[in-house]
Amino acid sequence: MTQHALLEDDLAPFGEAYGPGLMNNFAPLRAEFGPARLKLLSGKVPANLSGVYLRSGPNIRFEPSGRYHPFDGDGMIHAAHFENGVVTYRNRWVRTDAWKLEDEAGRSLHAGVRETRKGRSDKPLKDTANTDLVAHAGRVLALWYLSGDAYEIDPVTLETKGKCPGIVASGGAISAHAKVDEITDDLIFFDYGTEAPYMHYGVVGPDRKLKHFVPIELPGPRLPHDMAITEHYSILHDLPMLYDAEAFALGRHKVTFDPSLPARLGVIPRYGASDSIRWFEFSPCFIYHVVNAWEEGDWVVMSGCRYMPVLDKDGEIDAVRTARDVAELVMHARLWVWRMNVKTGETHEEMLDASRNVEFPTFNSRLSGRRTRFGYLVDHSDTRTLQWYGIRKYDLDTGESLGSWSDSSAHSFYSEPWFAAADNFAAEDDGYVVAFQWNEKLKRETLDIFDAKAIENGPVAQLEVPFRVPSGFHACWMAADRMAK
Ligand SMILES: [Fe+2]
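Positions in the sequence shown are counted from 1; adding 653 to them yields the working numbering.
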């Protein structure tokens, strides 16, 4: 495989008819590759890093049957497996039910989110498993943002093994951003939908069986994207990002933002009953992604990226533009902290850094739900969809930027970076930050490894990936000891 062997063929495999979502850095790969050892371009692969970096994203297999949105593409996983200083790459599609059906038919059978589906029961939306990857109980779950199946993936071979039995037992739906408590190996999840009670909450144990599952009643259909956990609680989101009822009745997917409603965060004990949830109200906003959450005495603290509502020329919230930008993944996010006192009901919220548009956060996931000082986020382009041109380390207590790295030419598209704890780590930031990088100008894909204690020094190792990894969504790191469970 040479660097550019696939590019010419792949830049726009379906032509330009479907728009930018299938072109340039978004153009899908047409095949699966590897395992292939990656060639070192500079530096040295850390000897104390064992595990696998996995990145998910849309990679449509057959020509779309209608209008295309990046949310529609079949889930493909790109993996970089670290073992004894050697890094091995693979990519594989997730063998979803829909993927298998289309494989047999040899063509697309599903509608995209931009299409009108009224009266089109022959063209359902596709559960693509393309959104997030969550490492649990020795396997990786490939998940979908609209709530779908939990496909279990072998973290090394990327073979689709089946569906998580605990999620099947719950009724079969899980949203993309489930959380794993890496100390207890509980998988904590929610689903959401368009019918009452509009949300469920549950816990799957380390044996992959359902341990807890309760309905959560919301005031109406919502589009929550993420959740958070602490040692004893979970935090569920009821945000004023709603389905547009009129459009929904016409079979269209359209979202609307209602700034007259508060953002509500619901704190529920990890194994709590439905009525044990306590809701706390904050200024109206949407939240794509949480960094981490933890407890400080009676306070439950959630650190995350607040989607800043778009303002009109009079300084009022422009609900239409806000909803449109959220739907099109145009990010205007700021690092934020929300605090809730479970004894007194008090709340406090604060912007930690007013100046930077940062998103797609990661932290030392060994400490999920426990107090963490450091977060690692991407510098997000204000204008280009999913262009993450730099990586930045934050002090989550003060909002201070502790160091960043970006390609000064701004031609970089990083994939979601993930913090990878060093083998036998001691301090919270003993480890590395790993990400793929597509350099648009050089037409070069690399795997970049940063020392988490000195992001600003640039990658300690850079390896050549022999072809472009299409821009995608979320990633995870699974340490070697967690792969063996
Ligand atoms: Fe997400």
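Heads up, the beta-carbon is just placed ideally off N, CA and C, and yes, glycines get one too.
Check, Outcome
"DSSP beta-bridge partners of isoleucine 1015", "Looking at the sequence shown, residue 1015 is not isoleucine but threonine. Tyr1029, per the DSSP bridge assignment."
"Close-in-space but distant-in-sequence residues of the same chain around glutamate 1109 (CB under 7 Å, 5 per side omitted)", "Gly1056, Ser1057 and Trp1058"
"Own chain partners of arginine 1135 with C-beta closer than 8 Å, once the 5 adjacent residues on each side are dropped", "Gly704, Ala788, Gly791 and Glu835"
"Proximity of leucine 890 and arginine 917 at Cβ, strictly below 9 Å", "The question names leucine, but residue 890 is histidine in the sequence shown. The answer is yes: Cβ separation under 9 Å."
"beta-carbon alanine 732 near ligand 1 non-hydrogen atom, thresh 8 Å", "no"
"Any non-hydrogen atom of ligand 1 closer than 8 Å to alanine 829 Cβ", "yes"
"Unbroken stretches of the alpha helix (DSSP H), 4 residues or longer, contained in the region 710 to 775", "750 to 758"
"Contact test: aspartate 1101 Cβ vs ligand 3 heavy atom, cutoff 8 Å", "Within the structure as shown, ligand 3 is missing, the only ligands being ligand 1."
"CB of glutamate 949 within 9 Å of CB of histidine 885, strictly", "no"
"Whole-number beta carbon distance between alanine 1128 and tryptophan 1091, since they are thought to touch under 8 Å", "Contact flag wrong, Cβ pair sits at about 14 Å."
"Assigned exposure category for proline 872 - 16 Cβ within 10 Å defines buried", "exposed"
"Meets three-Cβ-pair contact criterion under 8 Å: the region 995 to 1011 and the region 1038 to 1047", "yes"
"Separation of tryptophan 952 from arginine 992, as counted between CA atoms", "6 Å"
"Where the alpha helix (DSSP H) through arginine 977 begins and ends", "972 to 980"
"Helix, strand or coil at serine 1068 according to DSSP, with G and I counted as helix", "coil"
"Collapsed DSSP secondary structure at leucine 702 in the structure displayed", "coil"
"Opposing strand residues paired with glycine 1043 [DSSP bridges]", "Asp1032 and Ser1059"
"For methionine 955, the first and last residue of its enclosing beta strand (DSSP E)", "952 to 960"
"Backbone CA spacing between methionine 894 and valine 766 [nearest angstrom]", "17 Å"
"Spatial neighbours of serine 1148 in its chain, beta-carbon cut-off 8 Å, leaving aside the 5 residues before and after", "As displayed, the chain neither begins before 654 nor continues past 1138, which places residue 1148 out of reach and without an answer."
"Rounded separation between threonine 1015 and leucine 1030 - CA only", "6 Å"
"Closest by C-alpha distance to tyrosine 924, when choosing among Ile888, Ile940 and Thr813", "Ile888"
"Helix, strand or coil at valine 1122 [DSSP, three-state]", "coil"
"Tyrosine 671: CB within 8 Å of a non-hydrogen atom of ligand 1", "no"
"Option in Pro717, Leu964, Ser927 and Ala926 with minimal Cα separation from cysteine 938", "Leu964"
"Sub-9 Å separation of glutamate 755 and serine 761 beta-carbons", "yes"
"Residue interval of the alpha helix (DSSP H) (run including aspartate 1134)", "1133 to 1136"
"Best match in Val793, Pro1123, Ala764 and Gly687 for proximity to alanine 1137 [C-alpha to C-alpha]", "Val793"
"Heavy atom of ligand 1 within 8 Å of phenylalanine 1126 beta-carbon", "yes"
"Check whether proline 777 and alanine 758 have beta carbons under 9 Å apart", "no"
"Endpoints, alpha helix (DSSP H) assigned at serine 823", "818 to 823"
"Cβ contact check for the region 1112 to 1127 and the region 1086 to 1101: 3 or more pairs under 8 Å", "yes"
"Near ligand 1: threonine 781 beta-carbon under 8 Å from a heavy atom", "no"
"Neighbour-count burial assignment, threonine 883, 16 or more Cβ in a 10 Å radius", "buried"
"Residue burial classification, lysine 862 (beta-carbon count within 10 angstroms, cutoff 16)", "exposed"
"CA-to-CA distance, glycine 998 to phenylalanine 1066, given in whole angstroms", "42 Å"
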